[in-house]
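Each remark here refers to the structure printed beneath this line.
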Amino acid sequence: MSHSRVLIDADACPRQALAIAQELCGEFGWNCYTYASYNHQLTGINHIAVDAGPQAVDTRLANDTRSGDIVVTQDIGLAALILGKKAAALTPHGTIFDPERISFHLEERNEKARYRRGGGRTRGPAPRSREDDARFAAALRSLLELERER
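Residue numbering for the sequence shown follows UniProt numbering, starting at 1 and increasing by one per position.
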């Protein structure tokens, strides 16, 4: 199973989620790659440093993704591209993006952006919790097990 890869949009990925992903990749024998702009202090054997330009990390990650990969990202637009490549996508909080619902998530994101442009305010993310770590670990483990069965 040489193709088994987890790709992580590490620019906005909490360190706990990175550690969980690396641990599970080791357990399952998958390669774990992190992608971040060069101004983030991440190092590692499988780290890809990308230009700091807008969308540079997302573009590189989308271009590198292949069918069967698992991608960790909070970016709904990137998740839509990933799903189109027959790869799986999940958030660092453990939400697995469903191909059947991605268009709903994109529309919801657009509505919130329109609301904010009009002067409205939306809530930011809650502080990360142990439950987030547990949910992420369970979701990633389920995707890794699903791919192992294929």
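Just so it is clear, CB atoms sit at the ideal spot from N, CA and C, and this is done for glycine as well. No experiment lies behind these values; they were computed from the predicted model shown.
Taking 9 Å as the cut-off, the beta carbon of residue 96 is found no closer than this to the beta carbon of residue 5. In the three-state reduction of the DSSP assignment, residue 73 falls in the coil class, being assigned neither a helical nor a strand state.
DSSP places residue 9 in the uninterrupted beta strand (DSSP E) bounded by 5 to 9.
Here the C-alpha atom of residue 107 lies approximately 22 Å from the C-alpha atom of residue 12.
Residue 62 is positioned such that its CB atom lies no closer than 9 Å to that of residue 50. A distance below 9 Å separates the beta carbons of residue 133 and residue 16. Membership of residue 25 in the alpha helix (DSSP H) is indicated by the continuous run 15 to 28.
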